[in-house]
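Participant: In full-length UniProt numbering, the protein residues as written are 1 to 899. The C-beta atom is built at its ideal place from N, Cα and C for all residues, glycine as well. Before I ask anything, let me first share the structure, which is written out below as structure tokens.
Structure (structure tokens):
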């Protein structure tokens with residue numbers, strides 16, 4: 001705001017014959033002017049330091065954080081986020097981090113009254129630029145801030161907050177207080193309509209700050225901020241029932257004009273620590289109900305985040321609860337290392353050449369709609385028609401394998417006509433919307449086998465399959481009765497279902513506490529994996545062809561094939577040897593196919609070849625059942641050996657043992673090998689023992705994870721794992737469940753894009769959902785640990801598309817993956833891939849450095865996604881966004897994807 005105006009007393013123009021009269025008049029006029037100024041204005045002229053303005057601008061933080069103002073009535077409200085004191089950084093003083101949305105316009109001095117009009121005009125222009133920077137892509141930010149001005153953070157929400165009057169202290173006083181936190185949060189969910197009042201008034205002298213910080217450590221800066229323009233946003237996205245968004249929530253801030261900011265000098269503040277204070281002659285209002293009710297609704301009348309009022313005292317909550325972003329929590333990305341774990345890229349040595357990094361944080365994004373033969377079902381690495389046409393042969397299913405385009409697509413995949421938000425689990429196991437997966441060929445092919453049917457607007461799934469037409473549960477119990485050692489949900493927890501069809505087997509295994517990785521190619525059995533994912537059953541599109549499956553060795557408790565049409569017996573049993581690599585020593589292979597129980601000539605021949613092959617591999621035929629009366633099928637069960645004795649006693653070394661140099665865990669783009677790996681015998685080696693029974697194996701550190709090994713975060717591996725597990729429990733419980741406004745009952749298919757130890761998935765174990773844990777090929781290879789814990793996952797290179805259909809997942813979790821990926825990939829293409837695999841209405845939770853989070857937020861806003869939460873602290877950011885139904889109108893034809 002402008003200073004109170006007054007006429008200057010010019011001694012040259014007021015000559016007096018009397019020296020005393022002159023002095024008296026000057027003193028009197030000065031006192032009057034001071035009194036008028038104190039009454040009419042609570043703002044003072046900024047005191048600039050002598051530093052270069054450009055250098056000052058360069059040193060401003062990038063984190064976007066404001067100050068939370070809480071009604072005194074709000075102190076009893078349930079808080080949303082929590083940073084416990086013992087979780088905070090222990091390697092240095094706690095830092096107050098705010099992000100300045102204002103930029104210095106040059107030097108100023110205490111004689112601002114001499115150029116009052118210029119100063120006022122510059123301040124107006126500066127504030128306008130601030131709002132443009134804050135809301136660069138359009139769209140609203142509802143910003144809540146918490147700053148314990150000059151005082152220790154209270155551990156009781158009922159403790160009286162500090163007023164600005166009590167906080168006339170130097171910048172160093174702020175920085176060294178434990179309770180001082182500056183945070184920024186953006187919400188798109190329901191807020192209480194009745195909590196828009198601030199009870200206390202602020203007098204003019206309460207907003208004054210010291211203009212000098214003589215006692216402050218070097219580098220500490222104190223800023224005042226004001227916003228001039230009202231920030232507006234309109235949102236037309238459609239969200240699923242229960243996730244409504246306020247369409248009238250237009251204003252982020254009300255105008256604050258005719259003000260100037262007093263800034264303290266910064267000679268002695270600690271480097272990098274900036275503390276900001278907002279003072280205004282306007283009363284500041286805040287919506288106080290920060291706990292999102294079930295249903296993710298937003299107050300439709302909630303138009304303003306900050307409203308104007310005059311001369312009001314500002315209060316803050318004494319114990320605001322925040323997400324655990326700023327905590328070191330053993331998870332500071334700068335501390336991450338490979339430890340004792342190699343990377344999948346190093347093991348396989350088959351990574352694609354990295355795409356050039358994209359530096360597009362400040363540019364506008366122009367999205368186009370992908371035009372391909374696959375249309376709404378486009379999978380870039382499986383629908384590369386040009387590469388498939390140029391294959392020399394497809395005898396080994398090469399045309400079903402991954403063939404990624406040299407330049408990944410940056411366009412968005414269209415939605416099927418009439419697409420609806422998916423039916424929630426568990427109803428989705430039995431029926432889905434037909435228009436979401438509008439394919440009827442499989443109904444014609446498999447209708448007699450009770451796979452699926454078209455029933456009105458739905459595709460229904462009676463729970464059958466080729467080998468269990470009368471229901472999967474009966475088939476599952478039949479297996480248990482035939483082989484009691486299987487012990488579903490205890491000894492046997494993680495299985496691989498090859499040739500899964502619509503994955504009814506895996507879908508019903510959830511009732512036995514079993515996770516099934518269902519696998520099937522994208523072939524003439526139209527969209528079978530897509531049916532599975534739409535039903536809420538984990539599945540990936542893959543084929544047993546010429547390359548290893550993207551899983552580590554010896555991780556599956558059981559591998560199942562129910563008439564999966566895989567020729568196990570040919571070419572020296574090469575495909576069966578791949579199962580041998582994946583199966584744990586002592587694990588079972590369940591084979592339910594016609595050669596097991598039919599006497600046709602071809603079936604008899606295949607059965608004979610399978611017996612010879614499995615005998616050469618030292619697999620034991622545990623049981624071959626007779627036909628069970630209901631489904632009228634039989635099952636053969638084989639067990640992999642637990643020692644090398646059989647291998648050594650074979651008269652013929654066929655198939656041969658793999659050389660010591662062959663790593664069974666190398667799986668990314670590695671050709672199949674016609675050999676077998678020895679069974680580990682060292683008690684400290686993975687595979688020498690069976691894991692703990694479920695659920696004990698989830699929490700207990702694997703026996704082969706040794707204290708002599710260095711974990712990903714630098715501690716001893718078992719301690720590293722335990723700390724990671726505890727960290728994600730806190731984050732999920734305190735932040736994700738309470739503070740994101742997510743209706744978790746609608747979340748079923750979840751992916752962790754960089755899972756490390758699987759701690760995020762473990763924290764969700766009691767939820768009615770499943771998590772696909774992805775280990776990037778250039779990250780420490782911790783996927784065996786995830787499987788040992790009774791979870792599952794897959795290797796992947798995020799510079800390429802994932803082997804899944806569009807609209808597969810309800811929630812994606814990205815913990816410090818984007819900042820790594822964008823160094824070697826096209827970041828825009830990665831975000832387009834995120835859009836492809838996430839369902840409309842689905843959520844993305846991203847944790848990363850502020851620069852990356854800001855760039856990501858800009859991109860998703862340009863795709864008309866709803867920003868539910870945006871938070872930053874200590875140069876770390878947290879973003880929660882929700883995908884909309886929006887699709888661009890301009891089309892991009894992908895020539896390589898046209899058949």
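In the structure shown, what three-state DSSP assignment does residue 882 receive?
Facilitator: strand
Participant: With a CB to CB cut of under 6 Å and the five nearest residues on each side skipped, what residues in its chain are close to residue 527?
Facilitator: 437 and 439
Participant: Rounded to whole angstroms, how far is the Cβ of residue 555 from the Cβ of residue 541, which I believe are closer than 8 Å?
Facilitator: That pair is no contact at about 20 Å.
Participant: As a quick exercise: from 341, 37, 31 and 765, pick the residue whose alpha carbon is nearest that of residue 715.
Facilitator: Minimum Cα distance to residue 715 is reached at 341.
Participant: Quick one: residues in its chain with C-beta nearer than 7 Å to the C-beta of residue 434, no 5 flanking neighbours on either side, listed in chain order?
Facilitator: 454, 457, 458 and 459
Participant: Using a beta-carbon distance below 8 Å, is residue 754 in contact with chain C?
Facilitator: The chain labelled as chain C is not found in the depicted structure, where only one protein chain is given.
Participant: With H, G and I counted as helix, E and B as strand and the rest as coil, what does DSSP make of residue 29?
Facilitator: helix
Participant: Under three-state DSSP, which class holds residue 900?
Facilitator: Residue 900 lies beyond the stretch modelled for the chain, which goes from 1 to 899, so this question has no answer here.
Participant: Nearest to residue 666 by CA position, among 850, 603, 616 and 552, is which residue?
Facilitator: 552
Participant: Report yes if the C-beta distance between residue 523 and residue 402 is below 8 Å; otherwise report no.
Facilitator: no
Participant: For residue 432, name the three-state secondary structure that DSSP assigns.
Facilitator: strand
Participant: Just to check my reading of the structure: residue 760 and residue 752 have Cβ atoms closer than 8 Å, yes? What is that Cβ distance to the nearest angstrom?
Facilitator: 5 Å
Participant: What residues in its chain sit with their C-beta under 6 Å from that of residue 821, if we drop five residues either side in the sequence?
Facilitator: 798 and 830
Participant: Per DSSP, residue 749 is paired with what?
Facilitator: 770
Participant: Would you call the segment 593-606 and the segment 623-640 in contact, with 3 or more CB pairs under 8 Å?
Facilitator: With contact defined as three or more Cβ pairs closer than 8 Å, the segment 593-606 and the segment 623-640 are in contact.
Participant: Is residue 38 buried or exposed, if buried means 16 or more other CB atoms sit within 10 Å of its CB?
Facilitator: Exposed: under 16 other Cβ atoms inside 10 Å.
Participant: List the endpoints of the continuous alpha helix (DSSP H) containing residue 729.
Facilitator: For residue 729, the enclosing alpha helix (DSSP H) has its first and last residue at 717-731.
Participant: Could you tell me the distance, in whole angstroms, from the CA atom of residue 511 to the CA atom of residue 535?
Facilitator: 15 Å
Participant: Is DSSP giving residue 395 helix, strand or coil here?
Facilitator: coil
Participant: Looking at residue 680: is its Cβ nearer than 8 Å to the Cβ of residue 701?
Facilitator: no
Participant: With distances taken between CB atoms, is the gap from residue 770 to residue 749 smaller than 8 Å?
Facilitator: yes
Participant: Between the alpha carbons of residue 732 and residue 343, how many angstroms are there, rounded?
Facilitator: 27 Å
Participant: Would you report the Cα separation of residue 565 and residue 525, rounded to the nearest angstrom?
Facilitator: 12 Å
Participant: What separation, rounded to the nearest whole angstrom, lies between the Cα atoms of residue 96 and residue 873?
Facilitator: A caution first: residue 96 carries a pLDDT of 35, below 50, which makes its placement in the model unreliable, though a value can still be read off. Taking the straight line from one Cα to the other gives about 8 Å.
Participant: Taking the C-alpha atoms as reference points, what is the distance between residue 339 and residue 420?
Facilitator: 45 Å
Participant: Below 8 Å CB to CB, which residues in the same chain sit around residue 790 once its five sequence neighbours on both sides are set aside?
Facilitator: 493, 494, 515, 691, 694, 695, 697 and 698
Participant: So, helix, strand or coil for residue 847, using DSSP?
Facilitator: Three-state result, residue 847: strand.
Participant: Spatial neighbours of residue 677 within its chain, please: CB distance less than 6 Å, with the 5 preceding and 5 following residues excluded, ordered by chain position.
Facilitator: 658 and 664
Participant: Name the DSSP bridge partner or partners of residue 464?
Facilitator: Residue 464 pairs with nothing; no bridge assigned.
Participant: Residues bridged to residue 473 by DSSP?
Facilitator: Note: residue 473 sits in no beta bridge, so no partner.
Participant: Reducing DSSP to helix, strand and coil, say where residue 861 ends up.
Facilitator: In the three-state scheme derived from DSSP, where H, G and I count as helix and E and B as strand, residue 861 is classed as helix.
Participant: Mind reading off the beta-carbon distance from residue 899 to residue 373? Whole number of angstroms is fine, and I expect it under 8 Å.
Facilitator: Taking a contact as a CB-CB distance under 8 Å, the pair residue 899 and residue 373 counts as one, their CB atoms being some 4 Å apart.
Participant: Which residues bound the alpha helix (DSSP H) around residue 580?
Facilitator: 574-582
Participant: Report the option in 36, 616 and 668 whose CA atom is closest to the CA atom of residue 651.
Facilitator: 616
Participant: So is residue 601 buried or exposed if we call it buried at 16+ other beta carbons inside 10 Å?
Facilitator: exposed
Participant: Quick check on the DSSP output: the beta strand (DSSP E) that includes residue 517 runs from which residue to which?
Facilitator: 515-520
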